[in-house]
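Heads up, the thing below is written out as structure tokens.
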Amino acid sequence: MSGKRYTNQFKKQIVSLYNNGKSVSDIVKEYSITRASIYNWIKKYNSTGSFNSEDNKSEEQKKLERLEKENQQLKMENDILKQAALILGINLVNAEFRYYFVNNILKWVYP
Numbered sequence: 000m001s002g003k004r005y006t007n008q009f010k011k012q013i014v015s016l017y018n019n020g021k022s023v024s025d026i027v028k029e030y031s032i033t034r035a036s037i038y039n040w041i042k043k044y045n046s047t048g049s050f051n052s053e054d055n056k057s058e059e060q061k062k063l064e065r066l067e068k069e070n071q072q073l074k075m076e077n078d079i080l081k082q083a084a085l086i087l088g089i090n091l092v093n094a095e096f097r098y099y100f101v102n103n104i105l106k107w108v109y110p
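Read left to right, the sequence shown gives residues 0 to 110 (numbering that gives the first Met the number 0).
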């Protein structure tokens with residue numbers, strides 16, 4: 000049964016059976032579900048009350064993903080500004096000019 004999708008309601012029923020004393024071996028035989036799936040569902044549901052992967056992430060994982068996404072966005076904006084400077088033939092060596100140029104371009108890009 001590779002790749003089979005189960006509803007959250009069905010998963011809750013399986014976890015409930017386990018929590019009420021039914022062995023994993025009996026559940027595997029009765030429902031033809033892999034042992035690994037059952038243990039995953041038990042772990043997820045008993046720790047957070049959800050099967051949603053977002054609900055099962057630690058605050059540190061969520062923060063890291065947010066920061067990585069923000070970093071990627073900033074790198075992309077930086078590349079765009081560099082390309083704009085090349086197109087306009089502007090040398091961004093001077094820090095004061097670079098600050099002025101970036102602020103004005105950002106005002107133009109994000110009015």
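Beta carbons: idealized from backbone N, C-alpha and C, even for Gly. Values in this document were obtained by computation on a predicted structure and should not be read as measured data.
Pairwise C-alpha distance: residue j and residue i
i      : j     : result
MET0   : ARG34 : For MET0, the predicted model reports a pLDDT of 43, less than 50, meaning its position is unreliable; a value from the coordinates is still stated below. Each residue's Cα considered, the two are about 12 Å apart.
ILE104 : TYR17 : 60 Å
ILE13  : ILE32 : 10 Å
GLU69  : ALA84 : 23 Å
ASN19  : LYS56 : 26 Å
Range covered by the alpha helix (DSSP H) that runs through residue i
i     : result
ARG4  : First-last for ARG4: undefined, no H or E at that position.
SER36 : 34-47
ASN77 : 58-87
TYR30 : 23-30
Cβ-Cβ distance between residue i and residue j below 8 Å
i     : j     : result
VAL27 : ILE37 : yes
LYS81 : PHE50 : no
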